[in-house]
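If you read the sequence shown in the numbering used here, its first letter stands for residue 269, the second for the next number, and so on.
No residue lacks a Cβ here, since even glycine has one placed at the ideal position from N, Cα and C.
Values in this document were obtained by computation on a predicted structure and should not be read as measured data.
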Amino acid sequence: MTGQPSNPWGDRDWTPYYEAVAGKEPRETLIRAIEILDPSAGPRCAIDLGAGEGRDTRLLLAHGMRVLALDPHPAAGDRIRAGLDRASLDRMTVVRAGAEDLSGVLDAHPAFALPAVVNASFSLPFVRPEIFARAWGVIAGLVRGGAVFAGQFFGPRDTWATNPTRSHHTRGEVEGLFSGLRVHVLREDEKDGFDAEGRAKHWHVFHVVAGRGEPAGGSGR
């Protein structure tokens with residue numbers, strides 16, 4: 269897939285954010301998702317939605333996976349590739365696209381149609397509310413097909429939830445997104461703090477790891 273992504277956040281200058289988070293560890297939700305995978309399985313692939321500066325993509329590559337990394341920002345690709353060896357670069361495909369473009373990206377890259385992991389670290393809230401259901405339908409189809417999902421959703425009391433171009437969900441709505449799936453982690457965090465660039469922010473976030481196996485009685489921690 270080529271051309272401009274449909275996510276307007278790709279037009280924002282994310283350079284200050286990339287610089288602020290450079291060198292940080294991969295997200296805990298992704299680490300947990302990888303732990304769930306069957307270690308005896310053969311070669312696998314993964315999808316990283318909103319790959320940003322590449323911290324999560326690099327972890328997936330380190331575990332031997334082929335990775336389809338999506339990000340709408342034009343500078344993300346170079347940052348994701350920076351410092352990777354040739355073997356890792358050969359296992360990675362970077363596409364300038366948002367999570368809402370995933371269906372078209374998979375049409376163009378069918379080798380990633382059965383991923384072991386779908387990672388969406390703090391990227392889904394940037395999908396516009398009016399197209400969230402369509403975008404989520406594609407992701408949910410991959411999870412129901414056997415992938416493990418790792419990612420975050422903004423709650424209604426998050427500072428950024430007041431922005432009409434961003435998506436937010438109540439706990440009940442988040443639970444509904446994973447109806448019929450095994451939820452390994454559903455953790456709700458709410459606190460005052462700062463964003464990655466040092467601006468004051470009230471955080472209300474749901475951290476989720478789900479997929480693989482029958483629905484369990486609990487929602488994890």
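- Looking at the backbone, the Cα of Ser-308 and that of His-341 are separated by about 36 Å.
- In the same chain as Ala-468, and ignoring 5 residues on each side of it, the C-beta atoms closer than 7 Å to its own belong to Phe-462, in chain order.
- Counting along the chain, the unbroken alpha helix (DSSP H) around Gly-444 starts and ends at 439-445.
- DSSP places Gly-345 in the uninterrupted alpha helix (DSSP H) bounded by 344-349.
- Pairing Asn-431 with Ser-391, the inter-Cα distance amounts to about 15 Å.
- Within the DSSP secondary-structure output, Glu-458 pairs in a beta bridge with His-472.
- By DSSP's assignment, Leu-317 forms a beta bridge with Leu-338.
- Annotation: the continuous beta strand (DSSP E) that includes Thr-361 extends over 360-364.
- One thing to note: Phe-380 has its Cβ no nearer than 9 Å to the Cβ of Val-411.
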